[in-house]
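K.L.:
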Amino acid sequence: MGVSLPPLGWWPLAVLGEAAVFIGVSGRPARRRFAAGLAAGFGQFFISLAWALQFNTAGYVVLSVVESLFFAFAALLAPAGKKWAGLSVATIPAAFTLAEYARDKWPFGGMPLGGVALGQLGGPLAITARLGGSFLVASSVFIAGAVLGSLVQRRRRVLRLKGGAAAGLGLAVLLALVLWAVVSPNGYGSGPVRLLRAALVQGGGKRGLNQLEVPPRRVFDAALRETAVVKQHVDLILWPEDVVAENGPFVGSGDERTLEALARSHDATLMAGVTEPVGQTRFRNEIVAISPAGHLVATFEKVHRVPFGEYVPFRGFFAHFANLSAVPRDAVPGTGSGLMVTPAGRFGVLVSYEVFFPGRGRSGVGAGGTVVLVPTNTSSYSNDQAPSQEIAASRLQALEQGRYVLQVAPTGYTAVIDNNGNVLQRSSLSVPAVVYSTVPELEGRTVFVRLGELPLGVICLSVLAASWALVLLNPGGVDLSGSRKPGS
3 MGVSLPPLGW WPLAVLGEAA VFIGVSGRPA RRRFAAGLAA GFGQFFISLA WALQFNTAGY
63 VVLSVVESLF FAFAALLAPA GKKWAGLSVA TIPAAFTLAE YARDKWPFGG MPLGGVALGQ
123 LGGPLAITAR LGGSFLVASS VFIAGAVLGS LVQRRRRVLR LKGGAAAGLG LAVLLALVLW
183 AVVSPNGYGS GPVRLLRAAL VQGGGKRGLN QLEVPPRRVF DAALRETAVV KQHVDLILWP
243 EDVVAENGPF VGSGDERTLE ALARSHDATL MAGVTEPVGQ TRFRNEIVAI SPAGHLVATF
303 EKVHRVPFGE YVPFRGFFAH FANLSAVPRD AVPGTGSGLM VTPAGRFGVL VSYEVFFPGR
363 GRSGVGAGGT VVLVPTNTSS YSNDQAPSQE IAASRLQALE QGRYVLQVAP TGYTAVIDNN
423 GNVLQRSSLS VPAVVYSTVP ELEGRTVFVR LGELPLGVIC LSVLAASWAL VLLNPGGVDL
483 SGSRKPGS
């Protein structure tokens, strides 16, 4: 199933894979269900998280196994036994959807990388993100797999539902969701639309794993060089995350004065990623906005830190097992909504890793963001697997929030994405580039922005609770497969 994700993007294989999972889980005893769920996780995460091999082989294995266990335990949530197999078309998708929801929250604040929804941007189910975010996209894949799997079981006479009722109901739910998403709000409101003219600055250059391979000053100088070639009049000049790496406070520094001069010379709001130390053991990862008059007008501090990348949880414990010198300081977690109010506009800001969290985009847009900005530092990879998955995450954010998304990275991908999740422009990796774009600032709200992921979570929990209530109230069993019990 992992091959459904970018850069391969073979999205139909996710549905086929989920059909195989359904067959392996439906009506099976607990041990076989757990094994089938674990195998599904291995097929998803050992492929989709392969980029982690470039950092640490043991860490890649541990991460992939931990993420796979969510699917393994999800497989145990549906009632077991062939007599309850008729419930599986509803209970198995509900359980696996809750597994995706859990991965978004735990451990370490959530690790939703490599998720099922990222592989669906080329297919018809991605649009359901407008209704329930990436969780509903994943749930739609699970339902589609259950429908296909139940049809296979029925043909093999394992599941004998009269007329294929369960498959028909599941298919009807899928069609209703897609049709509802097509006609649902997509970010355009009833009022006039203001246009934002932006220049996204990609300095280009070498990609590397740490500051020894790519010195921070080289990244800063590359951004300066590309900004110097910005000749068009724009409202916003956007730099990536971490471009300005300070050894002390940013305010009052020479780099701040340089950025102020740039903003004044271009008569544009300049936004850039800044890191600065806090004492000896911590640092801040911020996005700053400088007005055309050369004044610092807004700051946002990254909320979702990358575990083992920007901070080490339980540092004292893990220090016994790994060399933590690559992460000498822990990032201070921010607390803001993500909304940055600037002379160029009101922006919902997602800093790099945050783009994988639907709730972070909803937070900034819900607070009034009219365009979503994704300054990132996806430079530590020798291939395009992780950068491609980040583009997929930005496309999902565009659909979820009903907003145009501007993503900028030091060495790529830098991209412009419309509110329907279409990539309008995308840079090449490593090359210097300035991507110009004029995009509308939208104010309408999608269903997801209004309701979030809670309704879907409640539905999934209710489906599982109702199924287990039926099991407990009928200990002798009710054969939902359509066959008659002996003596009946």
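Residue numbers (the working numbering): 3 to 490.
Glycine included, each C-beta is placed from N, C-alpha and C at the ideal position.
#1: When the Cα atoms are used, what is the spatial distance from L7 to V246?
#2: Count the C-beta pairs between the segment 384-399 and the segment 251-260 that are closer than 8 Å, then say yes if the count reaches three, no if not.
#3: Quick one: is T59 buried, meaning 16 or more other Cβ sit within 10 Å of its Cβ, or exposed?
#4: Helix, strand or coil for L491, going by three-state DSSP, please let me know.
#5: Could you please give the first and the last residue of the uninterrupted alpha helix (DSSP H) stretch that includes V59?
#6: With distances taken between CB atoms, is the gap from A101 to F73 smaller than 7 Å?
#7: Return yes when the Cβ of T344 is within less than 7 Å of the Cβ of A300, no when it is not.
#8: Please look up how many angstroms separate the CB atoms of W12 and Q387, rounded, as I've assumed it's under 8 Å.
#9: Let's test the definition: count the other Cβ atoms within 10 Å of the Cβ of G423 and tell me whether it reaches 16, buried, or not, exposed.
#10: Going by Cα to Cα distance, which pick from L173, S327 and L18 is closest to T283?
#11: Helix, strand or coil: which one does DSSP assign to L7?
#12: How is V2 classed by DSSP in three states: helix, strand or coil?
#13: Based on Cα-Cα distance, which residue from R35, L123 and F110 lies nearest to L10?
#14: Near G414, what residues of its chain come up, given a Cβ to Cβ distance below 7 Å and the 5 sequence neighbours on each side ignored?
#15: With a threshold of 8 Å, are at least 3 pairs of Cβ atoms found where one atom belongs to the segment 284-296 and the other to the segment 332-350?
#16: From V27, V373 and H306, pick the residue whose C-alpha is nearest to that of R362; which is it?
#17: On the DSSP letters alone, give me the boundaries of the alpha helix (DSSP H) that P279 sits inside.
#18: Provide the residue span of the alpha helix (DSSP H) that contains R169, from first to last.
#19: Keeping to the same chain, check which residues put their C-beta closer than 8 Å to that of G207; ignore five residues upstream and five downstream.
#20: When the cut-off is 7 Å and only beta carbons count, does R397 lie next to chain E?
#21: Using CA atoms only, rank isn't needed, just tell me which of V465, V425, G404 and N476 is closest to S186.
#22: Provide the residue(s) that pair with D332 in DSSP beta bridges, ordered along the chain.
#23: Per DSSP, Y103 forms a beta bridge with which residues?
#24: Look at the alpha carbon of T277 and the alpha carbon of M113, and state the distance between them as a whole number of angstroms.
#25: To the nearest angstrom, report how far apart L15 and A119 are at their CA atoms.
#26: For P109, count neighbouring C-beta atoms within 10 Å of its own C-beta (all shown protein chains included) and say buried if the count is 16 or more, exposed if not.
#27: Quick check on the DSSP output: what are the complete beta strand (DSSP E) runs of length 3 or more inside the segment 308-371, in order along the chain?
#28: For R35 and A230, I'd like the C-alpha separation in whole angstroms.
#29: With DSSP as the reference, label F302 as helix, strand or coil.
#30: If you measure between the beta carbons of T440 and R199, is that distance less than 7 Å?
#31: Give me, in chain order, the residues of the same chain whose beta-carbon lies closer than 6 Å to that of S192; leave out the 5 immediate sequence neighbours on both sides.
#32: Are the Cβ atoms of V17 and G147 separated by less than 7 Å?
#33: Three or more C-beta pairs under 8 Å: does that hold for the segment 441-453 against the segment 236-244?
#34: Measure from the alpha carbon of G368 to the alpha carbon of each residue in V351, N379, S141 and S384, then state which is nearest.
#35: Considering only the alpha carbon of each residue, which of L78, S384 and G19 lies closest to R209?
#36: Under the DSSP definition of a beta bridge, which residues are partnered with L198?
P.N.:
If we stick to the structure as given:
#1: Within the sequence shown, residue 7 is the residue found at index 5, counting from 1. Within the sequence shown, residue 246 is the residue found at index 244, counting from 1. If you take the alpha carbons of L7 and V246, they lie about 32 Å apart.
#2: Result no; under three Cβ-Cβ pairs closer than 8 Å.
#3: Taking the sequence shown and counting its residues from 1, the one referred to as residue 59 is at position 57. By the neighbour-count criterion, in which a residue is buried when 16 or more other Cβ atoms sit within 10 angstroms of its Cβ, T59 is exposed.
#4: Outside the modelled stretch of the chain, which goes from 3 to 490, sits residue 491, for which no answer is possible.
#5: For the purposes of this step, residue 59 is identified with residue 57 of the sequence shown, where counting begins at 1. Contrary to the premise, residue 59 reads as Thr rather than Val in this sequence. In the DSSP assignment, T59 falls within the unbroken alpha helix (DSSP H) covering T59 to A76.
#6: As a first step, residue 101 is located in the sequence shown; it is residue number 99 there, counting from the start. As a first step, residue 73 is located in the sequence shown; it is residue number 71 there, counting from the start. Their beta carbons are under 7 Å apart, which means A101 touches F73 by this criterion.
#7: For the purposes of this step, residue 300 is taken as the residue at position 298 of the sequence shown. For the purposes of this step, residue 344 is taken as the residue at position 342 of the sequence shown. Closer than 7 Å, so yes.
#8: Working through the sequence shown from its first residue, we reach residue 12 at position 10. Working through the sequence shown from its first residue, we reach residue 387 at position 385. Actually they are not in contact, since the Cβ atoms of W12 and Q387 sit about 14 Å apart, beyond 8 Å.
#9: Here the question's residue 423 lines up with position 421 in the sequence shown. G423 is buried by the Cβ-count criterion.
#10: Reading the sequence shown from its first residue, position 281 is the one you call residue 283. Here the closest residue by C-alpha is S327.
#11: Position 5 of the sequence shown, counted from the start, is the residue given in the question as residue 7. Note: L7 maps to coil in three-state DSSP.
#12: With the chain running from 3 to 490 in the structure shown, residue 2 is simply not present.
#13: Counting from one through the sequence shown, the residue named residue 10 turns up at place 8. With distances taken between Cα atoms, L10 lies closest to L123.
#14: One-based indexing of the sequence shown puts residue 414 at position 412. Short of 7 Å from the beta carbon of G414, and not among the five residues preceding or following it, lie these beta carbons of its own chain, in chain order: Q204, P389, S429, S430, L431 and S432.
#15: yes
#16: Residue mapping note: residue 362 aligns to position 360 of the sequence shown, counting from 1. Selected option, being the one with the closest Cα: H306.
#17: The count along the sequence shown starts at 1 and reaches residue 279 at position 277. Note, P279: premise wrong, no alpha helix (DSSP H); beta strand (DSSP E) at T271 to V280.
#18: Looking up residue 169 in the sequence shown gives position 167. Note on residue identity: the sequence assigns Ala, not Arg, to residue 169. Note, A169: alpha helix (DSSP H), A167 to V185.
#19: Within the sequence shown, the letter at position 205 stands for residue 207. The answer, listed in chain order, is V216, R220, V221, A224, P412, T413, S432 and P434.
#20: Included in the structure is just one protein chain, with no chain E present.
#21: Indexing the sequence shown from 1 puts residue 186 at position 184. Checking every option, the nearest Cα to that of S186 belongs to G404.
#22: Position 330 of the sequence shown, counted from the first residue, corresponds to residue 332. Answer is R284.
#23: Mapped onto the sequence shown, residue 103 falls at position 101. The partner list for Y103 (beta bridge, DSSP) is empty, contrary to what the question assumes.
#24: One-based indexing of the sequence shown puts residue 277 at position 275. One-based indexing of the sequence shown puts residue 113 at position 111. Whole-angstrom Cα-Cα distance: 23 Å.
#25: Position 13 of the sequence shown, counted from the first residue, corresponds to residue 15. Position 117 of the sequence shown, counted from the first residue, corresponds to residue 119. Cα-Cα distance, rounded: 13 Å.
#26: For the purposes of this step, residue 109 is identified with residue 107 of the sequence shown, where counting begins at 1. By the 10 Å Cβ count, P109 comes out exposed.
#27: 341-344 and 347-351
#28: As a position in the sequence shown, residue 35 is number 33, starting the count at 1. As a position in the sequence shown, residue 230 is number 228, starting the count at 1. Looking at the two C-alpha atoms, the distance is approximately 59 Å.
#29: For the purposes of this step, residue 302 is taken as residue 300 along the sequence shown, with counting starting at 1. DSSP places F302 in strand when its eight states are reduced to three.
#30: Sequence index remark: in the sequence shown, residue 440 carries index 438 (1-based). Sequence index remark: in the sequence shown, residue 199 carries index 197 (1-based). Against a cut-off of 7 Å, the Cβ pair of R199 and T440 comes out as a contact.
#31: For this step, residue 192 is matched to residue 190 along the sequence shown. Same-chain partners within the cutoff: there are none.
#32: Working through the sequence shown from its first residue, we reach residue 17 at position 15. Working through the sequence shown from its first residue, we reach residue 147 at position 145. Closer than 7 Å, so yes.
#33: no
#34: Counting from 1 along the sequence shown, the entry for residue 368 is found at position 366. Residue V351 is the option with its Cα nearest to G368.
#35: The count along the sequence shown starts at 1 and reaches residue 209 at position 207. Per the Cα distances, S384.
#36: The count along the sequence shown starts at 1 and reaches residue 198 at position 196. L198 is bridged to V441.
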